[in-house]
Amino acid sequence: MSLNKIIKRRFDKEMAKKSACKIMIKKFFKNEKIGSFGLIITIILLIISIFANVIAPYGMNEADIDNKLQSSSSTHLFGTDNLGRDILSRIIYGAQVTVVVGFSASLLSTVISVILGLFSGYFGGKFDLIIQRVVDLMMAFPSIILLIALMSILGTGVVQLIIVLGLRSGIVGSRLIRSAVIDVKENVFVDAANAIGCSNKRILLRHILPHIISTIIILFTTRVPNMVMVEASLSFLGFGIPAPFPSWGGMLSSGREFMIKAPFLLIWPGLALSIVVFGINMLGDSIRDLIDPRMKGIKKRKG
Amino acid sequence: MQKLLEINDLKTYFYTEKNIYKAVDGLSFHVNKNEFLGIVGESGCGKSVTAMSILRLVAPPGEIVGGEVLFKEEDLLQVSEERMRQIRGNQISMIFQEPMTSLNPVLTVKRQISEAIELHRGLNKKESKQECIKLLRKVGIPDPEQRLKYYPFQLSGGMQQRVMIAIALSCTPELLIADEPTTALDVTIQAQILDLLAELKSELGTSILMITHNFGIVARYVDRLYVMYAGEIVESGLTKEIFKNPKHPYTVALLKAVPRLDKEKEMNVDGIKGNPPNLAQLPKGCLFAPRCTFANEYCFQNKPDFLEVGIDHYSACFKSQDL
Amino acid sequence: MVKYIVKRLLLFIPTLFVMTIVIFIFMHAIPGDIIDALQAEPGNEEIDRAALEKFMGLDVPLIVQYGRWIGIIRNIDGEYKGILNGYLGYSWIKKVSVNRLFRTSWAMTLELSIIGFVVSIFLAIPIGIYSATKQGKIGDILSRSFAIFCISVPSFWLATMIIVYPAIWWGYTPPLMVVRFRDAPIDNLKMFIIPGILLGMQFCGMIMRITRTKMLDVLRQDYIRTARSKGLSQKIILVRHALKNALILVITLIGQNIPFLIGGTIIIEEIFSIPGMGRLLINAFRSRDNELTGGIILFYTIIVLIVNLIVDLSYSYINPKIRYESK
């Protein structure tokens, strides 16, 4: 084949990929109405969390004791809590916390899962056996107990929280990546690559990784709402985000003390949590629907 | 010869987001009483879809959009679903290609056979159990009383298919549709199963509509044959006649592609160049023209009619005289 | 099947053993010196640290402490007083044996878990199946939305709202009085029903989705097509052919998700002030009561292992491939 033809083919392929992406995005908004809704919620959440300092009318711990426990007013849209802090501002800063912790923990978790899953699935052997037993035990054990125990050992702190959440979730999630890797490994082309002398690293990176991208994305999208919920639960119990940072879960917990007098203390954090988790879940579902069936084309070993 | 089943102008399309796949587009054929009929063709030519359409088992996104399926004067495409359920498994039954996946893994053999019996023949548990034993014996399964309690995974492929046959024949249907019944089986077992089918046909008087892509099977067991291509019938006639005198280029090519024991060893087995057409974008003119060695300009522009080319021998080709 | 059961039971023991080691490490990894805590208590200032250590058995190497905790090494009184003898430890903070503290708590947690589980399953599986049969139609969409609602709305929020608003609107408080089942079964159930439902909410949503997916998978199978070709009605196909196959797929996933349900009891107990293991655990963590913590975590571990065992055994029973290993 002439060089020109090869170049043209490559170019056409690239253009096809780009327009395929555009088409996919357009299709997404047309077909996945709920997913689009979820996307919008997620984007709003991200914007709020990034620009929290600018948007929030008051500081996150700006106390105004004289005006404590007031319901919605013109100066405090969502009211004030028992220390006179503006709830709206705390919700906004709480969004920041949610995003930072939620996304970082998910990212950490996904990275750990991929590394563990790749090694476990590709190399197998004793390493694989041991890791899988550990995963079994971790999956069998109620995560919240494990997380509380770890937080007790490491002490409270945002970094510790992210590490603990990411670690547990990462180890457990490695199983998904591992099965995907094993699926791909069974394909003949991996044997072929081996036969022509590709190093393991090369095989992992250039042959296996591209095929498990969809699984990785799916893993990440399921992790995020999960991390948000778990962080909220931990903060609710007092083992999560420490003061001074506001967390929606923590706000719910402290609000309980005054719940009869000031029920609005409970509404806003809970509503925020529900909407955010719902939105991210919807987005994740839609992304999964789009990616999964398309990528399920890898044929089993035939030869 | 009395007509048992008559299909007229059947159209079954598959609807996806972007396309309409015309799997079966204006198909007409018939099945006589007590005959072993065959439909041959490549994978994807619509044979299975036709079979499923007869029993109205086509699943979405497929839909039967037109035509008639006359079973003893009743148009199966017009009757109620309830009536269809009376006919399925009872007057018309079907066996499928993969016996392992076609049998329910969590139900015993007895359950799966007695279901149809209890439903259509109204027998009670004890009577149907006896019937099951009789049926298993008839299909050649040794030690039937024990086998009744087995689960499908405990049986070999050949046995599974025999069980499927037992299920299909349990209510002495007038028509048995066999969709590639032996494709998934070992060659040695294939012959056994087909012999069994032929035997049961003569014993019970059931007509068999066999769908296959294997000309060897056709040659040996099938009385009358339809050759299908891209959702249409291109040739029909008695098997002996078609083998001796194929009158359609596709049939000619198919026959050439079958390795023969009576020819010299060095002879090349010819494949058929090209691919079957995209069912969503069928070409104008004769559907086989792009792959036909005899085609000319006229063939690409016009669709040939299905015409008589011999006694009970029909073909859809402008060039049938030249073959 | 017997082979499978024996294999499973044999796996139980080493797993439990490994878990005890892990738990023991945890117990001693939690920072906070128990001696300092004890010495801080009124009236204890003069007590000699070394004597206290000896008394509490903290002066011996960790391995020995572990052995004593398990009950394979004698303690300072020369007795075997460990887990293998049914003795779960002593809470130095509460000055009472762990067994004592467990007495009513474990039943509370158990009952809460069971109610949550039963309510969830009874809702989730039928709705999941219904959803699968009506794929794409309005029934499916509503069911799926309900499932997503269940997993998105934090149960602790809903629980709190349910306690707050009826109190504000109608002056109603859910029965918070602790009543034992033996004493007054109806009142006891009344006490547990709302917490139980809330506990099971998220679990219910998860199982609903799983059931739907697996049911859809099953309905796509060849044997369903065969069943239809026999002329069977949709109802019979669903119940006789599809259901069991779907359940086999669902059971292991239910088992995998049960730890989540058990973990949820901690939050629900906290909100509804139910004196179960969860509250005990939180307090133990907060007060650095390591022995109590260890005992409670051991309890949860055993529960989880037993549940896993039950799930595995059920699975091996319903799945003919395992029940009747190749003859």
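If you read the sequences in order, they're chains H, Z and D.
According to this note's numbering, the residues represented by the first sequence are 1 to 303, in order.
According to this note's numbering, the residues represented by the second sequence are 304 to 626, in order.
According to this note's numbering, the residues represented by the third sequence are 627 to 953, in order.
In this text, a Cβ means the ideal position worked out from N, Cα and C, and glycines have one as well.
Same chain, Cβ closer than 6 Å to residue 530/Z, five either side skipped, listed in chain order: 343, 537, 538 and 554
List the residues of chain D whose Cβ lies closer than 9 Å to the Cβ of residue 143/H, in chain order. 885, 886 and 889
Take the Cβ of residue 828/D as the centre, count every other Cβ of all protein chains shown within 10 Å, and call the residue buried at 16 or more, exposed below. buried
Taking all protein chains shown into account, decide if residue 695/D is buried (16 or more other Cβ within 10 angstroms of its Cβ) or exposed. buried
Are the beta-carbon atoms of residue 360/Z and residue 866/D separated by less than 8 Å? no
From this set, 870/D, 915/D, 862/D and 928/D, which residue's C-alpha is nearest residue 941/D's C-alpha? 870/D
Report the CB separation of residue 521/Z from residue 874/D in whole angstroms; it is logged as a contact under 8 Å. Actually they are not in contact, since the Cβ atoms of residue 521/Z and residue 874/D sit about 40 Å apart, beyond 8 Å.
Cβ-Cβ distance between residue 918/D and residue 649/D below 8 Å: no
Identify, in the order they occur along the chain, each residue of the same chain with its Cβ nearer than 8 Å to the Cβ of residue 14/H, setting aside the five sequence neighbours on each side. none
What is the rounded straight-line gap between the Cα of residue 17/H and the Cα of residue 214/H? 16 Å
Roughly how many angstroms lie between the CA atoms of residue 394/Z and residue 9/H, to the nearest whole one? 57 Å
Report the residues of the segment 241-271 of chain H with a CB closer than 7 Å to any CB of chain D, ordered along the chain. 252, 256, 259, 260, 263, 266 and 270
Enumerated in chain order, which unbroken segments of the alpha helix (DSSP H) with a length of 4 residues or greater are wholly contained in the segment 339-423 of chain Z? 350-357, 384-390, 402-405 and 412-419
Paired residues, beta bridge with residue 333/Z - DSSP: 309/Z
If we ignore side chains and look at the alpha-carbon of each, how far apart do residue 275/H and residue 221/H end up? 16 Å
I want to verify the contact list: residues of chain D whose CB lies under 7 Å from the CB of residue 232/H, in sequence order. 780
Using the Cα positions of residue 38/H and residue 770/D, report the straight-line distance between them to the nearest angstrom. 15 Å
Contact check, residue 509/Z vs residue 557/Z, beta carbons under 8 Å: no
If you run the structure through DSSP and keep just helix, strand and coil, what is residue 610/Z? strand
Identify which residue in 25/H, 5/H, 132/H and 148/H has its Cα closest to the Cα of residue 170/H. 132/H
Does the segment 262-273 of chain H come within contact of the segment 62-79 of chain H, defined as at least 3 CB pairs closer than 8 Å? yes
Using the Cβ count rule (16 or more neighbours within 10 Å means buried), how would you classify residue 427/Z? exposed
Between which two residues does the alpha helix (DSSP H) carrying residue 798/D extend? Unbroken run through residue 798/D: none, as it is neither H nor E.
From residue 590/Z to residue 324/Z, what distance separates their C-alpha atoms? 15 Å
CB contact below 8 Å: residue 953/D versus chain H: Because the pLDDT of residue 953/D is 43, which lies under 50, any placement of that residue in the model is unreliable, and the number read from its coordinates should be weighed accordingly. No - not a single Cβ of chain H is within 8 Å of the one on residue 953/D.
From the DSSP output, in three-state form, read off residue 299/H for me. Reliability of the predicted coordinates at residue 299/H is poor, the pLDDT of 34 falling under 50, and no value is obtained from them.
Three-state class that DSSP yields for residue 686/D in the structure shown: coil
How about residue 371/Z and residue 316/Z: do their beta carbons lie closer than 8 Å? no
So the beta strand (DSSP E) residue 301/Z belongs to, where does it begin and stop? The structure shown does not extend to residue 301/Z, since chain Z spans only 304 to 626, so no value can be given for it.
Against chain D, does residue 431/Z count as a neighbour if the rule is that its beta carbon must be under 8 Å from one of theirs? no
Verify the CB distance criterion: does residue 763/D have a CB-CB separation below 8 Å to chain Z? no
Sort out for me which residues DSSP pairs residue 527/Z with in a bridge. 340/Z and 541/Z
Kindly list, in the order they appear in chain Z, the residues whose Cβ is closer than 8 Å to that of residue 871/D. 407, 408 and 409
Near-chain H residues of the segment 900-912 of chain D (beta-carbon distance less than 8 Å), N- to C-terminal order: 907, 908, 911 and 912
Does the distance from the CB of residue 903/D to the CB of residue 795/D come in under 8 Å? no
Do residue 753/D and residue 834/D come within 8 Å of each other at the CB atom, strictly closer than that value? yes
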